[in-house]
Amino acid sequence: MKRLPKFLKPYFWEIDFKRLDADKYPRYVIERILDYGDESALRWLGKNFTLSEIRKVVCQTRALSMRSVYFWVAVLGVDKKKVRCLSKDFQKIYRAIWPY
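Taking our numbering, the leading residue of the sequence shown gets 91, the next gets one more, and so forth.
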């Protein structure tokens, strides 16, 4: 079980932080840090996950805010066509649920 350092606890406010296993739930950990993390959290992320793992999460996630998605697409050099939440189909559904 890979426990997260205590300084990351504020990013996982709704769960029992002591039981969070980064090896078991890597996508959740990566999403949360990409969306809310500060510089030290991002450094930790870079040391504990590969760039390909992080890129894969950016391509598959629906949990990141649109602002975060566009930022990480630009920073990580991910092709927008490969990002699920930027697809036209997803955008139609997203706007139907939340039209703002």
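Glycine included, every Cβ here is placed at the ideal spot set by N, Cα and C.
Among the residues of its own chain, which have a CB less than 8 Å from the CB of residue i, if the five just before and after it don't count?
{"i": "Tyr101", "result": "Arg122, Ile123, Tyr126, Gly127, Ala131"}
{"i": "Ala112", "result": "Lys92, Arg93, Leu94, Val119, Asn138"}
{"i": "Leu154", "result": "Glu121, Leu124, Asp125, Val148, Trp162, Cys175"}
Tell me which residues share the same chain as residue i and place their Cβ nearer than 7 Å to its Cβ, disregarding the 5 neighbours each side in the sequence.
{"i": "Pro95", "result": "Trp134"}
{"i": "Phe139", "result": "Pro116, Ile120"}
{"i": "Lys171", "result": "none"}
{"i": "Phe97", "result": "Ser130"}
{"i": "Val173", "result": "Val148, Cys149, Val159, Val163"}
What distance in whole Å lies between the Cβ atoms of residue j and residue i, which are believed to be in contact at a cut-off of 8 Å?
{"i": "Arg145", "j": "Leu166", "result": "5 Å"}
{"i": "Val168", "j": "Cys149", "result": "6 Å"}
{"i": "Cys175", "j": "Val163", "result": "That pair is no contact at about 10 Å."}
{"i": "Lys99", "j": "Phe107", "result": "5 Å"}
Which of the three DSSP states, helix, strand or coil, is assigned to residue i?
{"i": "Lys172", "result": "helix"}
{"i": "Glu143", "result": "helix"}
{"i": "Lys92", "result": "coil"}
{"i": "Tyr101", "result": "helix"}
{"i": "Asp125", "result": "helix"}
{"i": "Arg152", "result": "coil"}
{"i": "Tyr118", "result": "helix"}
{"i": "Leu110", "result": "coil"}
{"i": "Ser177", "result": "coil"}
{"i": "Gly136", "result": "helix"}
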